[in-house]
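Trainee: Residue 617 is where the sequence shown ends in my numbering, and the numbering goes up by one at each step. Glycine included, every Cβ here is placed at the ideal spot set by N, Cα and C.
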Amino acid sequence: MKQISVDDIRKDFPVLNQTINGRKLIYLDNAATTQKPNTVIKSIENYYKSFNGNPHRGAHYLSLKSTEIYETGRKKVANFINASSTREVIFTRNATESLNLLAYSYGMNFIEEGDEIVISIMEHHSNLIPWQQVAKSKKAVLKYLYTNEEGIITEEEIKKKITDKTKLVSIAHVSNALGTINPIKFIIDYAHSRDAKVILDAAQSLPHMKVNVKNLDVDFLVFSGHKMLAPLGIGVLYGKENLLEKIPPFLYGGDMIEYVYEDSTTFAELPHKLEAGTQNVAGVLGLTKAIDYLNEIGMDNIEEMESELTSYALEKLDSLSEIELYGFKGISNRGSVISFNVKDVHPHDTASILDAYGVAIRAGHHCAQPLMRYLGINATCRASFYFYNTKEEIDLFIESLKNVRKWLGYES
Ligand code: PMP
206 MKQISVDDIR KDFPVLNQTI NGRKLIYLDN AATTQKPNTV IKSIENYYKS FNGNPHRGAH
266 YLSLKSTEIY ETGRKKVANF INASSTREVI FTRNATESLN LLAYSYGMNF IEEGDEIVIS
326 IMEHHSNLIP WQQVAKSKKA VLKYLYTNEE GIITEEEIKK KITDKTKLVS IAHVSNALGT
386 INPIKFIIDY AHSRDAKVIL DAAQSLPHMK VNVKNLDVDF LVFSGHKMLA PLGIGVLYGK
446 ENLLEKIPPF LYGGDMIEYV YEDSTTFAEL PHKLEAGTQN VAGVLGLTKA IDYLNEIGMD
506 NIEEMESELT SYALEKLDSL SEIELYGFKG ISNRGSVISF NVKDVHPHDT ASILDAYGVA
566 IRAGHHCAQP LMRYLGINAT CRASFYFYNT KEEIDLFIES LKNVRKWLGY ES
């Protein structure tokens with residue numbers, strides 16, 4: 206690994222250098238959203254100061270400049286995920302919108318009565334409810350891949366659930382609630398052998414590891430910019446060109462048309478066919494700068510840095526008798542998310558007490574209520590790391606955690 210100074214990295218992130226209520230901020234809620242480096246923040250300010258125009262719609266300098274910034278961003282994303290062309294990259298608001306686009310445009314048009322849609326029990330609601338709705342309207346069958354006691358979806362389970370009736374598999378690469386990395390290459394290859402298409406929810410993987418759509422041979426992939434240093438409000442849908450060609454638009458309006466007549470319309474070529482309305486140019490510029498930042502550090506290095514942090518935290522948490530860990534206990538098959546509870550303490554209390562120490566974690570059902578029910582719990586605490594976190598922060602998190610039961614009057 207090239208020599209990377211986390212101290213230098215942290216200087217690029219203004220939020221990380223704040224004190225909150227007199228305490229240094231320890232931000233461990235990166236699965237919810239990540240903090241932004243100066244290059245991203247400044248690019249947005251600069252865009253609105255110097256280049257703001259409506260892209261694809263004007264012959265004047267600002268419009269042309271906005272178009273150039275927007276389309277340069279599309280090239281950047283295509284290269285980052287190794288798409289074959291920019292026609293395969295659609296900008297949306299976030300992973301949720303990308304999944305809904307697929308549910309409306311692909312699901313409602315290509316799923317038929319009796320077809321099977323396979324998802325997993327650990328899906329985020331945004332990759333669950335759209336398929337529930339498609340299954341209901343089309344009278345299709347929604348099937349779940351369940352995990353074993355270790356929090357893993359086994360090959361037997363995959364072979365049992367994906368059948369010749371399966372038309373679509375939509376699955377998270379990394380679980381936002383447990384951190385499990387799912388066996389997606391096996392799932393994709395197996396689904397293809399049954400003629401099913403696969404959507405990969407890469408919201409929790411793409412920010413943390415190299416994801417190559419060509420090597421995976423995945424049909425569609427979605428992610429949110431804000432979980433990978435970019436601003437809120439910009440997301441991506443990747444799709445194989447031949448599949449995106451086939452699906453009708455999800456939204457109708459400006460810039461997605463070729464010709465409009467009083468009683469009919471022809472649509473623009475990809476990718477514009479699937480991007481109606483004025484585009485989020487500043488968001489795309491922020492995403493472009495975010496990808497530059499990630500590339501500068503290197504996705505392999507990021508993965509290694511986070512794996513070290515996660516195993517360090519796991520070991521410490523596992524050694525505390527009052528901590529209950531959920532999901533896969535090992536380090537090999539997991540991203541940088543750890544779900545846990547302090548015994549006898551409601552996760553919201555744990556999160557509030559940690560907040561008093563300046564430690565930001567998430568508590569709740571993590572938009573994965575069926576998973577919580579499957580695990581027999583209501584909620585968990587979740588600590589999630591990014592490459593800018595440090596072992597010293599994890600030490601402080603653990604020390605604060607040790608005080609939680611004391612705060613609530615337990616003896617230890
Ligand atoms: N999928 C997963 C696995 C997620 O973790 C999230 C966000 N927590 C989403 C989808 C939805 O992302 P967004 O809210 O940015 O659309």
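According to DSSP, is residue 394 part of a helix, a strand, or is it coil?
Mentor: Correct three-state label for residue 394: helix.
Trainee: Give me the residue from 573, 540, 526, 539 with the minimum Cα distance to residue 603.
Mentor: 526
Trainee: Determine the contact status of residue 401 and residue 387, defining contact as a CB-CB distance below 8 angstroms.
Mentor: Between residue 401 and residue 387, the C-beta gap is not smaller than 8 angstroms, which leaves the two residues out of contact.
Trainee: Identify the residues that DSSP records as bridge partners of residue 587: which are they?
Mentor: For residue 587, which the question treats as bridged, DSSP gives the partners 544, 567.
Trainee: Provide the residue span of the beta strand (DSSP E) that contains residue 487, from first to last.
Mentor: First-last for residue 487: 486-502, but that is the alpha helix (DSSP H), not the beta strand (DSSP E).
Trainee: On the DSSP letters alone, give me the boundaries of the alpha helix (DSSP H) that residue 407 sits inside.
Mentor: Premise fails: residue 407 is in no alpha helix (DSSP H) and is neither H nor E.
Trainee: With DSSP run on the structure shown, which of helix, strand or coil describes residue 375?
Mentor: strand
Trainee: Give the straight-line distance between the Cα atoms of residue 326 and residue 349, rounded to the nearest whole angstrom.
Mentor: 6 angstroms
Trainee: Can you tell me the Cα-Cα spacing of residue 222 and residue 544, whole angstroms?
Mentor: Taking the straight line joining both Cα atoms gives about 26 angstroms.
Trainee: Do the CB positions of residue 440 and residue 303 come within less than 8 angstroms of each other?
Mentor: Yes, the Cβ-Cβ distance between residue 440 and residue 303 is below 8 angstroms.
Trainee: What whole-angstrom Cβ distance do residue 418 and residue 410 have, given they're in contact under 8 angstroms?
Mentor: Not quite, the Cβ-Cβ distance comes to about 12 angstroms (not below 8 angstroms), so this is no contact.
Trainee: Just to check, is the beta-carbon of residue 301 closer than 7 angstroms to a non-hydrogen atom of the ligand PMP?
Mentor: The beta carbon of residue 301 sits closer than 7 angstroms to at least one heavy atom of the ligand PMP.
Trainee: Nearest to residue 565 by alpha carbon, out of 551, 587, 576?
Mentor: 587
Trainee: If I follow the unbroken alpha helix (DSSP H) through residue 602, where does it start and stop?
Mentor: Element bounds for residue 602: 596-607.
Trainee: Is the region 456-469 close to the region 506-517, with three or more CB pairs under 8 angstroms?
Mentor: Not touching, per the Cβ criterion.
Trainee: Report whether the distance from the Cβ of residue 237 to the nearest heavy atom of the ligand PMP is below 7 angstroms.
Mentor: Yes - the ligand PMP has a heavy atom lying nearer than 7 angstroms to the Cβ of residue 237.
Trainee: Hey, quick one: how far does the beta strand (DSSP E) through residue 325 stretch, first residue to last?
Mentor: Counting along the chain, the beta strand (DSSP E) containing residue 325 begins and ends at 321-325.
Trainee: When you compare only the Cα positions, how much space is there between residue 224 and residue 432?
Mentor: 22 angstroms
Trainee: Quick check: the Cα distance between residue 317 and residue 570, rounded to an integer number of angstroms?
Mentor: Between the C-alpha atoms of residue 317 and residue 570 there is a straight-line separation of about 32 angstroms.
Trainee: Quick check: does the Cβ of residue 305 come within less than 7 angstroms of any heavy atom belonging to the ligand PMP?
Mentor: no
Trainee: Compare the beta carbon distance of residue 381 and residue 438 with 8 angstroms and say whether it is the shorter of the two.
Mentor: no
Trainee: In the DSSP output, which residue or residues are listed as bridge partners for residue 470?
Mentor: 465
Trainee: Just to check my reading of the structure: residue 220 and residue 443 have Cβ atoms closer than 8 angstroms, yes? What is that Cβ distance to the nearest angstrom?
Mentor: About 29 angstroms; that fails the 8 angstroms criterion.
Trainee: Cβ of residue 409 versus every heavy atom of the ligand PMP: is any distance shorter than 7 angstroms?
Mentor: Checking the Cβ of residue 409 against the ligand PMP gives yes.
Trainee: Using three-state DSSP, classify residue 348 as helix, strand or coil.
Mentor: strand
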